[in-house]
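J.: The opening position of the sequence shown corresponds to residue 1 in the UniProt record's numbering, with each subsequent residue numbered one higher.
Each residue gets a CB set at the ideal place from its N, CA and C atoms; glycine is no exception.
Predicted model, so just to flag it, every value in this text is computed and none were measured.
My questions will all concern the structure given below.
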Amino acid sequence: MSANIAELEKRRAASKMGGGQKRIDAQHAKGRLTARERIDILLDEGSFEELDAYVEHNCTDFGMAEQKIPGDGVVTGSGTINGRLVYVYSQDFTVFGGSLSEAHAMKICKVMDNAMKVGAPVIGLNDSGGARIQEGVASLGGYAEVFQRNVLASGVVPQISLIMGPCAGGAVYSPAMTDFIFMVKDSSYMFVTGPDVVKTVTNEVVTQEELGGAVSHTTKSGVADNAFENDIEALLSVRDFFDYLPENNRTGVPERPTEDPWDRMEPSLDTLIPPSANQPYDMHELIRKTVDEGDFFEVQPTHAANIIIGFGRIEGRTVGIVANQPMVLAGVLDINSSRKAARFVRFCDAFEIPILTFVDVPGFLPGTAQEYGGIIKHGAKLLFAYAEATVPKITVITRKAYGGAYDVMASKHLRGDLNYAWPTAEIAVMGAKGAVEIIFRGLGPEEIAEKTKEYEDRFANPFVAASKGFIDEVIYPHSTRKRIALGLRKLRNKGLENPWKKHDNIPL
Ligand code: HXC
1 MSANIAELEK RRAASKMGGG QKRIDAQHAK GRLTARERID ILLDEGSFEE
51 LDAYVEHNCT DFGMAEQKIP GDGVVTGSGT INGRLVYVYS QDFTVFGGSL
101 SEAHAMKICK VMDNAMKVGA PVIGLNDSGG ARIQEGVASL GGYAEVFQRN
151 VLASGVVPQI SLIMGPCAGG AVYSPAMTDF IFMVKDSSYM FVTGPDVVKT
201 VTNEVVTQEE LGGAVSHTTK SGVADNAFEN DIEALLSVRD FFDYLPENNR
251 TGVPERPTED PWDRMEPSLD TLIPPSANQP YDMHELIRKT VDEGDFFEVQ
301 PTHAANIIIG FGRIEGRTVG IVANQPMVLA GVLDINSSRK AARFVRFCDA
351 FEIPILTFVD VPGFLPGTAQ EYGGIIKHGA KLLFAYAEAT VPKITVITRK
401 AYGGAYDVMA SKHLRGDLNY AWPTAEIAVM GAKGAVEIIF RGLGPEEIAE
451 KTKEYEDRFA NPFVAASKGF IDEVIYPHST RKRIALGLRK LRNKGLENPW
501 KKHDNIPL
């Protein structure tokens, strides 16, 4: 008996050593943690239960039969984050560069299948040289098995990817199909083809970091959601983030106790809107003063910052927040901000997270760059996402709600449940001056000024929309949190279903 236990201990110890001390040291020298160290930080202490620690690859080509390492380059299993179940896989760069073999892929598939069976989220820690080159098509098949599961799990259980090392070639498409991608600065990169191929094909000279580093993907491309300074910060942030998410699409949002009074008044909000319509203000202030304890987890803060998205809580329950940001491009809707917000709205709707929308939008951005880039299709994504969403939707117009953007931003017409406006709201087809210059083309400057004043008096307020029932109530800014909390309570048992269909055809 004791010999059997000794054998088990020997095998466990071997599997824990991955590719050996030398490679572990090399990983540390790069400022990166090992696959197991990462899991230890991500999960509650002692909660990790490993699966498949003794799985080995079945490749015999290129001398691989003599090189077998138990676990085959990925640590898989389940554990808890603040007591809630999660399935994880963590690629081990010390074993064949974390490359994906058929056996490695099957381990990932097993945790995904288990997660789907019980309705728990999946977090993938990616650090891999891509397809196991010695295995060829077996490895490609393995990737596709993972991709297929990503798609079936989409909208059923939340899927989060952390990129903590290389992620290149077709390997990027698994994270791309998950709900959120987080990266580590100066340590992780994602690209379809690396700098050498880029140079050969396009003659561009670019570094790995410029091409696919965390900063490029969280500012320029918007492929990744947030960038963190190092492995530890990234893993601890994912723990915080996880607390906002439901376990699956049926459980509803998690609840956590809060000391913050639901009816807290915020008198400072009564003076948030500056006297001049062209002056910006920071929409973050309204968000932080509305949510519990000022806690707001912003997603994609550095990409398309003219729209803000992220999670907060009201009365301890998660809400998704979408808000125009007057500080950046006057809060205009453009291609990037429309796509960013549309995907977020769809995530919230898929997982029964109520959506809170703060509106201060001067319209869609004009210009050839936007038109040639397809703003019509991209803007339609946000419109489509809001219109199909059946979760509770509460909208507060703080200032401008002009033109098509008024309709798009969770208006009453798109089944907004509660549509509030502050007294400073201006709901119109367009800004007063532009409107008058069109209706009264040819008038002199004085008459234009006079007509502009007339147009402003008529439309630069919330009462025309309120008189038609498009705005349910004009509220005091200081009472915003209270009105939202009351609204969400009322809407907790909201029942609304879209007509049966196989799936919709959102303008991609
Ligand atoms: C097998 C691999 C490997 C791979 C790395 N290794 N990548 N083994 N298959 N894809 C091994 C190395 O042989 C080495 O083994 C160890 O991992 C560490 O690699 P190094 O090169 O020493 O590390 P580093 O200098 O940090 O460079 C990391 C790297 C580089 C940039 C990832 O290894 C690299 O370019 N690898 C190949 C990347 C690639 O072309 N992959 C295929 C992409 S196509 P030892 O024994 O020395 O420790 C693809 C298609 C997917 O993935 C399609 C899905 C649809």
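I'd like to know if the region 399-410 and the region 316-335 are in contact, where contact means that at least 3 CB-CB pairs between them fall below 8 Å.
T.: Taking 8 Å as the limit for Cβ pairs, the verdict is that the region 316-335 does touch the region 399-410.
J.: Is DSSP giving residue 360 helix, strand or coil here?
T.: On the sequence shown, position 360 is the one that residue 360 refers to. Here residue 360 sits in strand by DSSP.
J.: Helix, strand or coil: how does DSSP classify residue 370 here?
T.: The residue labelled residue 370 in the question sits at position 370 within the sequence shown. Note: residue 370 maps to helix in three-state DSSP.
J.: Under 8 Å: do the region 65-84 and the region 97-114 share three or more Cβ pairs, one atom per stretch?
T.: Segments in contact, yes.
J.: Locate the beta strand (DSSP E) running through residue 400, then write down its first and last residues.
T.: For this step, residue 400 is matched to residue 400 along the sequence shown. Start and end: 393-402.
J.: Below 9 Å between beta carbons: does that hold for residue 472 and residue 412?
T.: Locating residue 472 in the sequence shown gives position 472, where the first residue counts as 1. Locating residue 412 in the sequence shown gives position 412, where the first residue counts as 1. Yes.
J.: Considering only their Cβ atoms, is the gap separating residue 461 from residue 507 smaller than 9 Å?
T.: Here residue 507 is taken as the residue at index 507 of the sequence shown, counted from 1. Here residue 461 is taken as the residue at index 461 of the sequence shown, counted from 1. Not a contact, by the Cβ cut-off of 9 Å.
J.: Skipping 5 residues on each side, what residues in its chain have a beta carbon closer than 6 Å to that of residue 24?
T.: If you number the sequence shown from 1, residue 24 lands on position 24. Excluding positions up to five away in sequence, the list reads 34 and 94.
J.: How far does the beta strand (DSSP E) with residue 317 in it reach, from first residue to last?
T.: Here residue 317 refers to the residue found at position 317 of the sequence shown. Note, residue 317: beta strand (DSSP E), 317-324.
J.: Would you call the region 184-192 and the region 221-233 in contact, with 3 or more CB pairs under 8 Å?
T.: Yes, the region 184-192 touches the region 221-233.
J.: Short of 7 Å in beta carbon distance, which residues of its chain neighbour residue 391, apart from the five on each side in sequence? Order them along the chain.
T.: Sequence index remark: in the sequence shown, residue 391 carries index 391 (1-based). The residues are 348, 349, 352, 353, 354 and 355.
J.: Among 294, 144, 80 and 497, which has the Cα closest to the Cα of residue 388?
T.: Numbered from its first residue, the sequence shown carries residue 388 at position 388. The residue with the shortest Cα to Cα distance from residue 388 is 497.
J.: Report yes if the C-beta distance between residue 168 and residue 191 is below 9 Å; otherwise report no.
T.: As a working mapping, residue 168 is identified with position 168 in the sequence shown. As a working mapping, residue 191 is identified with position 191 in the sequence shown. Yes, Cβ-Cβ distance for residue 168 and residue 191 is below 9 Å.
J.: Ignoring anything shorter than 4 residues, give me the alpha helix (DSSP H) runs that lie fully in the region 155-210, in order along the chain.
T.: You should have 173-176 and 195-202.
J.: Is it a yes or a no for the region 206-216 touching the region 262-277, going by three-plus beta-carbon pairs under 8 Å?
T.: Touching, no.
J.: Just the Cα atoms here: how many angstroms apart are residue 500 and residue 241?
T.: As a position in the sequence shown, residue 500 is number 500, starting the count at 1. As a position in the sequence shown, residue 241 is number 241, starting the count at 1. Their Cα atoms are separated by approximately 33 Å.
J.: Under 5 Å, CB to any heavy atom of the ligand HXC. Which residues pass, going along the chain?
T.: The filter returns 96, 97, 99, 129, 130, 131, 132, 133, 143, 166, 169, 170 and 171, in chain order.
J.: Quick test of the definition: if touching needs 3 or more C-beta pairs under 8 Å, does the region 160-177 touch the region 120-137?
T.: Taking 8 Å as the limit for Cβ pairs, the verdict is that the region 120-137 does touch the region 160-177.
J.: Give me the Cα-Cα distance between residue 70 and residue 181, rounded to the nearest whole angstrom.
T.: Position 70 of the sequence shown, counting from 1, holds the residue named residue 70. Position 181 of the sequence shown, counting from 1, holds the residue named residue 181. Straight-line Cα distance between these residues: approximately 28 Å.
J.: Under the three-state reduction of DSSP, which class applies to residue 276: helix, strand or coil?
T.: For the purposes of this step, residue 276 is taken as the residue at position 276 of the sequence shown. Note: residue 276 maps to coil in three-state DSSP.
J.: Buried or exposed, going by whether 16 or more other CB atoms sit within 10 Å of the CB of residue 62?
T.: Taking the sequence shown and counting its residues from 1, one reaches residue 62 at position 62. Label assigned to residue 62: exposed.
J.: Write down the C-beta distance between residue 357 and residue 322 rounded to the nearest angstrom, noting that I regard them as a contact closer than 8 Å.
T.: Along the sequence shown, one-based indexing puts residue 357 at 357. Along the sequence shown, one-based indexing puts residue 322 at 322. The Cβ separation is near 5 Å, so the contact holds.
J.: Specify the secondary structure class of residue 353 as computed by DSSP and reduced to three states.
T.: In the sequence shown, residue 353 corresponds to position 353, counting from 1. Residue state, collapsed to three classes: coil.
J.: Any idea what DSSP makes of residue 570, helix, strand or coil?
T.: The structure shown does not extend to residue 570, since the chain is modelled only from 1 through 508, so no value can be given for it.
J.: Is the region 46-56 touching the region 77-84, taking contact as three or more C-beta pairs under 8 Å?
T.: With the cut-off at 8 Å, the region 46-56 and the region 77-84 touch.
J.: For a test of the three-state rule: what should DSSP assign to residue 466, helix, strand or coil?
T.: As a first step, residue 466 must be located in the sequence shown, where it is residue number 466. Looking at residue 466 - three-state DSSP - the assignment turns out to be helix.
J.: Could you tell me the alpha carbon to alpha carbon distance between residue 46 and residue 155, rounded to whole angstroms?
T.: Walking along the sequence shown from the start, residue 46 turns up at place 46. Walking along the sequence shown from the start, residue 155 turns up at place 155. In a straight line, the C-alpha of residue 46 is about 30 Å away from that of residue 155.
J.: Could you give the first and the last residue of the continuous alpha helix (DSSP H) run that contains residue 80?
T.: Counted from its first residue, the sequence shown places residue 80 at position 80. That residue, residue 80, is in no alpha helix (DSSP H); its beta strand (DSSP E) goes 74-81.
J.: Report the three-state DSSP secondary structure of residue 91 (helix, strand or coil).
T.: The residue given as residue 91 occupies position 91 in the sequence shown. It is a strand residue.
J.: Check for me: the beta strand (DSSP E) holding residue 50 runs from which residue to which?
T.: Counted from its first residue, the sequence shown places residue 50 at position 50. 49-51 is the extent of the beta strand (DSSP E) around residue 50.
J.: CA-CA distance, residue 117 and residue 86?
T.: On the sequence shown, residue 117 is found 117 positions in, with the first residue counted as 1. On the sequence shown, residue 86 is found 86 positions in, with the first residue counted as 1. Cα to Cα, the separation comes out at about 12 Å.
J.: Give the straight-line distance between the Cα atoms of residue 89 and residue 488, rounded to the nearest whole angstrom.
T.: Position 89 of the sequence shown, counted from the start, is the residue given in the question as residue 89. Position 488 of the sequence shown, counted from the start, is the residue given in the question as residue 488. About 36 Å.
J.: For residue 419, name the three-state secondary structure that DSSP assigns.
T.: If you number the sequence shown from 1, residue 419 lands on position 419. Three-state DSSP puts residue 419 in a strand.
J.: Applying the 10 Å Cβ sphere with the 16-neighbour rule, what's the burial state of residue 203?
T.: Taking the sequence shown and counting its residues from 1, the one referred to as residue 203 is at position 203. Residue 203 is exposed by the Cβ-count criterion.
J.: Which one of 374, 261, 259 and 222 has the shortest CA to CA distance from residue 303?
T.: Reading the sequence shown from its first residue, position 303 is the one you call residue 303. Among 374, 261, 259 and 222, the Cα nearest to that of residue 303 is on 222.
J.: Could you name the residues of the same chain whose beta carbon sits closer than 6 Å to that of residue 245, not counting the 5 residues immediately before and after it, in chain order?
T.: Working through the sequence shown from its first residue, we reach residue 245 at position 245. Same-chain partners within the cutoff: 158.
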